[in-house]
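Working notes, beginning with the structure itself.
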Amino acid sequence: MTTDIQLTLSTDKIHAHIKGAAGYVIFNNPERHNAVSLEMWDAVEEALSAFSSDDRVRVVILTGAGGKSFVSGADISKFAKERGSKEATEHYNARLKVVYDIIEYNAKPTIAMIDGYCIGGGLNLAACVDMRIASAKSRFSMPAAKLALGYPFDAIRRLINAVGAAAAKKLMFSAKSIDAEEALRLGLVQEVVTEEDLSARVEELANTIADNAPMTIGAMKFIATQVMHPDPSARDIARCDEMVAACFGSEDYVEGRQAFMEKRKPDFKGR
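To convert, count from 1 in the sequence shown and add 41; that's the numbering used here.
As structure tokens, this is what we get:
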């Protein structure tokens with residue numbers, strides 16, 4: 042039986058643990074539909090930093106506690122303290138950008154396990170990850186236009202990357218919510234399963250990814266981020282080429298060929 046390894050973070054509003062080859066980040070503010078405060082974003086960064094330096098973790102899973110919401114955006118009860126002035130708002134937005142960038146450009150594959158509401162900042166967060174798996178009851182919306190909120194370039198860029206420009210504009214301009222099946226049709230989520238099957242399906246997907254060659258997955262992830270980089274001149278093509286060459290020069294490349302010839306499951310070590 043796999044024993045979970047719990048991480049100690051700066052707030053109990055974020056839980057993090059390692060199960061098998063997956064690192065879990067759980068937004069634990071269910072009484073507020075997992076709305077996120079600044080201290081919670083700080084703890085998310087702590088967890089992601091720990092996972093990045095831990096070779097046991099090959100996949101990162103983000104989810105929300107309580108069974109009602111993934112993340113519902115910023116915690117409005119904290120606005121007076123965290124976003125009550127121009128300076129405080131700038132600080133909050135700068136911290137948020139750091140964490141979103143860490144997720145989007147994370148070297149390891151990321152999965153959002155969505156069970157319930159995925160709204161506003163929660164939708165922004167989901168758009169940062171590589172894959173999104175949702176329960177059938179989940180709903181998605183970008184209600185900024187109903188609240189007179191501004192959304193930054195990167196948030197809109199990620200949403201457009203996820204669903205295309207026209208669908209993103211419809212979501213943003215209408216501010217209406219969509220159900221899980223519509224999200225699947227748009228490509229916002231990659232799979233819809235029953236609420237009862239959600240955790241097992243995400244774990245199965247994570248294990249499938251973890252069984253594959255880590256260096257190849259890492260190269261694919263990095264190259265994908267470069268393909269989607271908003272500034273083509275900033276793309277690190279040389280690093281892409283180096284990572285591809287490293288795959289072909291690795292012990293795992295030898296192991297993959299041998300396992301294929303011997304008709305067995307490969308045992309990849311990431312070197």
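C-beta: ideal position from N, C-alpha, C; glycine also.
For clarity, every value in this text was computed on a predicted model and none was experimentally measured.
- Per DSSP, the unbroken beta strand (DSSP E) holding LEU103 starts and ends at 100-105.
- In terms of Cβ geometry, ILE160 and ILE174 do not form a close pair [threshold 8 Å].
- The residue from ASP220, ALA189, GLY228 with its alpha-carbon nearest to that of ALA207 is GLY228.
- For VAL66, the enclosing beta strand (DSSP E) stretches over residues 63-68.
- Between the C-alpha atoms of MET269 and ALA279 there is a straight-line separation of about 16 Å.
- Sequence-distant Cβ neighbours of TYR294 in its own chain, meaning closer than 7 Å and more than five residues away, are CYS288.
- In the displayed model, ARG173 falls within a strand according to three-state DSSP.
- Straight-line spacing of the CA atoms in ALA189 and ARG298 works out to 56 Å.
- Two segments are said to touch when three or more pairs of C-beta atoms, one from each, lie closer than 8 Å; by this definition the segment 175-189 does not touch the segment 90-99.
- The bridge partners DSSP lists for THR151 are VAL101.
- With fewer than 16 other beta carbons inside 10 angstroms of its own, ALA275 counts as exposed.
- Residue nearest to ILE250 within the set THR266, ILE201, ASP171 is ASP171 (criterion: CA-CA distance).
- For ARG180, there is no enclosing alpha helix (DSSP H); the residue is part of the beta strand (DSSP E) that begins and ends at 180-182.
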